[in-house]
Amino acid sequence: MLFRASVFLWVSAGFLSLPETSEACPSDDFPVPCHLVFRNVCFDFVEESKTWFKARSSCERRGGELLKVIMQFLSQTVIGDVSVSNCTFMKLNPLKFIKSDCNKRRGFLCTHRT
Numbered sequence: 081m082l083f084r085a086s087v088f089l090w091v092s093a094g095f096l097s098l099p100e101t102s103e104a105c106p107s108d109d110f111p112v113p114c115h116l117v118f119r120n121v122c123f124d125f126v127e128e129s130k131t132w133f134k135a136r137s138s139c140e141r142r143g144g145e146l147l148k149v150i151m152q153f154l155s156q157t158v159i160g161d162v163s164v165s166n167c168t169f170m171k172l173n174p175l176k177f178i179k180s181d182c183n184k185r186r187g188f189l190c191t192h193r194t
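Count along the sequence shown from 1, add 80, and you get the number used in the numbering used here.
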């Protein structure tokens, strides 16, 4: 199954080939479909375009949060303070991290602990 993804860290301008929805992730109000589960984290790819701030709110309403940089060296060297003019997203094809205006609308990836 192909998903147009944008990770915020958004994933922008790329496609990921992922297995079918695997299981429901727990949430306070309703189960959220998992597109991928890895190390007890559910990854919910959202194709609807939103600004970084609206994407964060959307994930929080679903009981999750935007994908965060897990590897410490990336968070120290690539990711800076989030401001209107400085958000970081991950672009596929080729894979790289790019700083961008936080008001730019992109798809996003919510994460949920299983």
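For glycine and all other residues, C-beta sits at the position ideal for the given N, C-alpha and C. Values in this document were obtained by computation on a predicted structure and should not be read as measured data.
Heavy atom of the ligand ATP less than 7 Å from the Cβ of residue i, yes or no?
i, result
"L189", "Among the components modelled here there is no ligand, and therefore nothing to report on the ligand ATP."
With residue i as the anchor, note down where its beta strand (DSSP E) starts and where it stops.
i, result
"K130", "V121 to K130"
"C190", "R186 to R193"
"L116", "L116 to F118"
So for residue i, helix, strand or coil by DSSP?
i, result
"R142", "coil"
"V149", "Its pLDDT being 47, under 50, V149 is placed unreliably in this model, and the coordinates cannot settle the point."
For my contact list, residue i and residue j are in at a C-beta cut-off of 8 Å; report their separation, rounded to the angstrom.
i, j, result
"S129", "R185", "4 Å"
"C190", "D124", "4 Å"
"R136", "L147", "The Cβ separation is near 11 Å, so there is no contact."
"C182", "F133", "7 Å"
"F188", "V126", "5 Å"
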